[in-house]
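See structure below.
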Amino acid sequence: MTASPSARPAKAFQPKLAFRPLPVPQVDVRGFWGDRAEAVATRTADILYERCVAARMLEQIDPDRPSPGVVIPFHSPSPDEAASAGFTGSTVTTQMFWDSDLGKTIETAAYSLYRRKNPELEKKIDAVIDMYGRLQQEDGYLSSWYQRIQPGKRWTNLRDCHELYCAGHLIEGAVAYYQATGKRKLLDIMCRYADHIASVLGPEPGKKKGYCGHEEIELALVKLARVTGEQKYMELAKYFIDQRGQQPHYFDEEARARGADPRAYHFKTYEYSQSHVPVREQDKVVGHAVRAMYLYSGMADIATEYGDDTLRVALDRLWDDLTTKNLYITGGLGPSAHNEGFTSDYDLPNETAYAETCASVGLVFWASRMLGMGPNARYADMMERALYNGSISGLSLDGSLFFYENPLESRGKHNRWKWHRCPCCPPNIGRMIASIGSYFYSLADDALAVHLYGDSTARFDIAGTPVTLVQASRYPWDGAVEITVEPQAPVEFTLHLRVPAWSSKAKLEINGETVDLEDLTSDGYAAIRRQWNKGDRVRLDLEMPIERLYANPAVRQDAGRVALSRGPLIYCVEATDNDNRLHRLTLPRTAGIEAHDEPDLLGGVVTLSATAQADAGDGWQDGLYRSEPPAKVETRLTAIPYFAWDNREPGEMLVWLRDG
Numbered sequence: 011m012t013a014s015p016s017a018r019p020a021k022a023f024q025p026k027l028a029f030r031p032l033p034v035p036q037v038d039v040r041g042f043w044g045d046r047a048e049a050v051a052t053r054t055a056d057i058l059y060e061r062c063v064a065a066r067m068l069e070q071i072d073p074d075r076p077s078p079g080v081v082i083p084f085h086s087p088s089p090d091e092a093a094s095a096g097f098t099g100s101t102v103t104t105q106m107f108w109d110s111d112l113g114k115t116i117e118t119a120a121y122s123l124y125r126r127k128n129p130e131l132e133k134k135i136d137a138v139i140d141m142y143g144r145l146q147q148e149d150g151y152l153s154s155w156y157q158r159i160q161p162g163k164r165w166t167n168l169r170d171c172h173e174l175y176c177a178g179h180l181i182e183g184a185v186a187y188y189q190a191t192g193k194r195k196l197l198d199i200m201c202r203y204a205d206h207i208a209s210v211l212g213p214e215p216g217k218k219k220g221y222c223g224h225e226e227i228e229l230a231l232v233k234l235a236r237v238t239g240e241q242k243y244m245e246l247a248k249y250f251i252d253q254r255g256q257q258p259h260y261f262d263e264e265a266r267a268r269g270a271d272p273r274a275y276h277f278k279t280y281e282y283s284q285s286h287v288p289v290r291e292q293d294k295v296v297g298h299a300v301r302a303m304y305l306y307s308g309m310a311d312i313a314t315e316y317g318d319d320t321l322r323v324a325l326d327r328l329w330d331d332l333t334t335k336n337l338y339i340t341g342g343l344g345p346s347a348h349n350e351g352f353t354s355d356y357d358l359p360n361e362t363a364y365a366e367t368c369a370s371v372g373l374v375f376w377a378s379r380m381l382g383m384g385p386n387a388r389y390a391d392m393m394e395r396a397l398y399n400g401s402i403s404g405l406s407l408d409g410s411l412f413f414y415e416n417p418l419e420s421r422g423k424h425n426r427w428k429w430h431r432c433p434c435c436p437p438n439i440g441r442m443i444a445s446i447g448s449y450f451y452s453l454a455d456d457a458l459a460v461h462l463y464g465d466s467t468a469r470f471d472i473a474g475t476p477v478t479l480v481q482a483s484r485y486p487w488d489g490a491v492e493i494t495v496e497p498q499a500p501v502e503f504t505l506h507l508r509v510p511a512w513s514s515k516a517k518l519e520i521n522g523e524t525v526d527l528e529d530l531t532s533d534g535y536a537a538i539r540r541q542w543n544k545g546d547r548v549r550l551d552l553e554m555p556i557e558r559l560y561a562n563p564a565v566r567q568d569a570g571r572v573a574l575s576r577g578p579l580i581y582c583v584e585a586t587d588n589d590n591r592l593h594r595l596t597l598p599r600t601a602g603i604e605a606h607d608e609p610d611l612l613g614g615v616v617t618l619s620a621t622a623q624a625d626a627g628d629g630w631q632d633g634l635y636r637s638e639p640p641a642k643v644e645t646r647l648t649a650i651p652y653f654a655w656d657n658r659e660p661g662e663m664l665v666w667l668r669d670g
């Protein structure tokens with residue numbers, strides 16, 4: 011299998027300072043993330059395909075088979091909505107976006123095939139691509155829902171029905187399959203579809219001024235532009251960003267055109283889809299969390315490609331709002347099941363936290379794209395937080411079971427499942443892990459930034475010189491990082507190394523000589539500018555302190571509570587490791603906390619332990635209340651990394667402990 015390097019995009023939209031992620035085939039990942047990617051390659055990728063088949067998705071896209079009709083019923087109205095003849099939920103079913111699930115499944119398979127050959131899976135994915143080729147209409151249009159289930163309604167309800175969202179995920183799958191296998195059939199199919207979309211939607215006279223209710227295509231078109239070098243796809247992505255929320259509001263006009271009342275909208279407000287005002291005027295994270303993360307990711311891509319500071323200013327406002335008022339300590343976001351999204355500032359319930367896996371994955375997307383505008387640990391630290399905690403908690407260690415919601419507290423009834431009627435999260439976490447190498451490094455004209463640490467090898471060209479960079483580290487269990495630079499010929503460039511905010515003490519050596527890290531560091535990155543020669547070695551030692559973390563007092567659910575972290579990892583306690591009911595535990599502020607390497611536990615983790623106190627249950631047999639407080643007993647507390655919870659027998663889990 012040959013890997014096809016990405017073409018350079020057209021010069022017209024290539025600001026000099028832009029950093030772009032290395033394509034997946036240019037990075038080999040081992041160690042912690044190698045284990046995660048291996049689980050996806052050996053189990054998850056096949057499982058995703060098989061469960062898509064079982065859900066009857068292939069029947070919908072195969073024009074040689076009878077249409078399956080509506081397999082998943084339309085969303086049912088609540089009593090108050092049922093009274094509204096224009097209730098929009100009744101026009102929506104998760105079956106509408108089966109194309110997106112297949113697109114993400116293709117993407118997961120592509121990057122998994124690059125990592126580990128799987129001829130049977132490749133043959134199955136080739137067959138799916140062939141079906142899409144046969145399904146595509148002469149004008150380039152491609153939507154299995156609107157061609158096979160509801161023909162004649164295309165481009166009539168962009169607000170609710172995920173038409174462009176599906177196109178976006180198929181485009182991303184096409185780019186991945188081309189990069190990983192060299193096969194461009196799906197890429198050509200999706201270029202034709204993107205050309206069709208551009209002929210229907212856009213600022214020119216006679217075109218619809220629309221955009222998708224569920225953002226995603228913006229990210230996909232940027233990837234398509236980068237891999238093909240075609241600026242027209244970048245321009246279309248920019249149009250979708252610029253047009254969103256403009257007046258007259260397209261979703262109002264579209265509703266009236268199909269004979270509906272624009273006010274008969276299930277979610278009542280366009281904040282739900284971040285289309286309430288133009289994007290440059292937005293200053294609060296609102297609405298559906300995944301949609302928000304995808305929009306901000308697209309905005310960051312366009313800001314990078316066009317050097318657009320007006321977008322950067324808006325993005326920084328939104329970033330501040332999310333990270334200071336609306337984010338779980340795990341990198342989870344979106345507390346409410348009602349709108350799968352945001353509620354009000356500091357509303358971060360733990361047991362009922364929605365914190366959709368896709369939302370944390372989306373935060374990883376957004377943070378990584380903010381790094382396109384230059385290395386800044388503000389974004390990279392948050393990318394790492396979401397990566398190691400709130401996102402990969404959504405996949406079991408063996409790669410077979412999934413979480414949709416990621417609460418920070420459980421009484422033991424929240425467990426992973428095999429599949430879901432809305433199966434967006436399994437292939438989303440699958441594709442992110444399978445492509446993890448592209449989050450490690452990003453490349454500019456004369457600089458390489460290292461955002462994540464761990465065993466890996468990166469291959470890239472800089473100033474016309476091929477360079478191999480090798481990382482050796484036990485990260486995230488150990489903070490020692492060894493980097494060897496192997497250019498084919500001596501070459502000058504800047505190597506940017508992230509110094510995480512959680513590491514208060516860090517040391518840097520170059521070829522055995524200690525370097526003053528503070529002199530080199532800006533925005534949380536050490537910038538090493540030099541001529542690199544074959545065999546040059548850089549050593550970065552990051553202290554990994556165990557920290558007690560406290561929430562802003564405005565977060566009422568965490569008042570009087572404490573959470574534990576070590577390095578990039580947030581920890582939790584599970585019933586299986588602790589003798590007492592978890593809500594009875596108190597961690598004294600004077601308690602010493604120890605780290606223990608446990609190579610045989612949960613695939614190899616570092617646990618934390620401390621002497622804690624627990625409320626004794628003695629003497630309460632006669633009633634609920636009494637005038638004497640419970641007696642305290644000494645007990646041992648053991649905590650594991652949050653990402654690894656619910657991988658053993660079901661039981662209670664708690665992130666925020668009582669602080670004593």
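In this note's numbering, the protein residues as written are 11 to 670.
We treat Cβ as the ideally placed atom computed from N, Cα and C, and that holds for glycine.
Residue nearest to residue i in terms of C-alpha spacing, selected from the options
i: W155; options: Q105, Y203 and D198; result: Q105
i: D587; options: A620, Q567 and R571; result: A620
i: L197; options: T524, R426, V237 and A310; result: V237
i: A641; options: A624, A28 and S401; result: A624
i: E240; options: K217, L358, A208 and E523; result: A208
i: A468; options: R558, E496, P486 and G474; result: E496
i: N521; options: S307, R549, L574 and H593; result: R549
i: P359; options: V374, Y338, H348 and A622; result: Y338
i: Q284; options: D271, V323 and L328; result: L328
i: T648; options: P660, D632, P476 and V616; result: V616
Backbone secondary structure at residue i - three-state DSSP
i: W108; result: helix
i: W427; result: strand
i: G382; result: helix
i: S448; result: helix
i: D205; result: helix
i: P436; result: helix
i: Q189; result: helix
i: E264; result: helix
i: G212; result: coil
i: I82; result: coil
i: M442; result: helix
i: W655; result: coil
i: W43; result: helix
i: Q541; result: strand
i: R66; result: coil
Own chain, CB closer than 7 Å to residue i, minus 5 neighbours either side, in chain order
i: G389; result: Looking at the sequence provided, one finds Tyr at residue 389 rather than Gly. Cβ neighbours of Y389 beyond the five flanking positions: A377, M380 and L381.
i: Y356; result: K335, N562, A564 and V565
i: P288; result: R254, G255 and Q256
i: D551; result: G489, A490, A516 and K517
i: S466; result: V37, D38, V39, R40, G447, F450 and Q481
i: G404; result: T367, F412, F413, N416, C435 and I439
Close Cβ partners of residue i (< 6 Å) along its chain, the five nearest in sequence each way excluded
i: G162; result: none
i: P385; result: A459, H506 and Y535
i: T504; result: A457, A537 and R539
i: G447; result: V34, V37 and V39
i: G351; result: G297, H298, A299 and G344
i: R441; result: K114, E117 and T118
i: A120; result: A186, Y187 and A190
i: S307; result: L229, F375, W376 and R379
Heavy atom of the ligand ZN within 8 Å of residue i beta-carbon
i: T531; result: No copy of the ligand ZN occurs in the structure displayed, which carries no ligand at all.
Same chain, Cβ closer than 8 Å to residue i, neighbours up to 5 away in sequence not counted
i: A387; result: R508, V509, P510, A511, D533, G534 and Y535
i: D311; result: E228, L229, V232, A247, R379 and G382
i: S110; result: H172, Y175, C176, G178, H179, L180, E226 and C434
Assumed close pair residue i, residue j - CB separation to whole angstroms, cut-off 8 Å
i: L168; j: Y249; result: Not confirmed; about 14 Å, so no contact.
i: C171; j: V81; result: Their Cβ separation, rounded to whole angstroms, is 16 Å, which puts C171 and V81 out of contact at 8 Å.
i: R547; j: E492; result: 7 Å
i: M303; j: G372; result: 3 Å
i: T191; j: L123; result: 6 Å
i: Q157; j: L145; result: 6 Å
| Complete runs of the alpha helix (DSSP H) confined to the segment 122-180 [at least 4 residues] | Complete alpha helix (DSSP H) runs here, min 4: 129-145.
| field | Secondary structure, alpha helix (DSSP H): runs of 4+ residues fully inside the segment 459-520 | value | Scanning the segment 459-520 for uninterrupted alpha helix (DSSP H) segments of 4 residues or longer gives nothing; none is fully contained.
| field | Whole beta strand (DSSP E) elements within the segment 560-642, 3-residue minimum | value | Runs of the beta strand (DSSP E) lying entirely within the segment 560-642 and spanning at least 3 residues, in chain order: 571-576, 579-584, 595-597, 603-608 and 615-625.
| request: For the segment 316-379, list the alpha helix (DSSP H) runs that are entirely contained and at least 4 residues long, ordered along the chain. | output: DSSP runs (the alpha helix (DSSP H)) wholly in the segment 316-379: 319-335.
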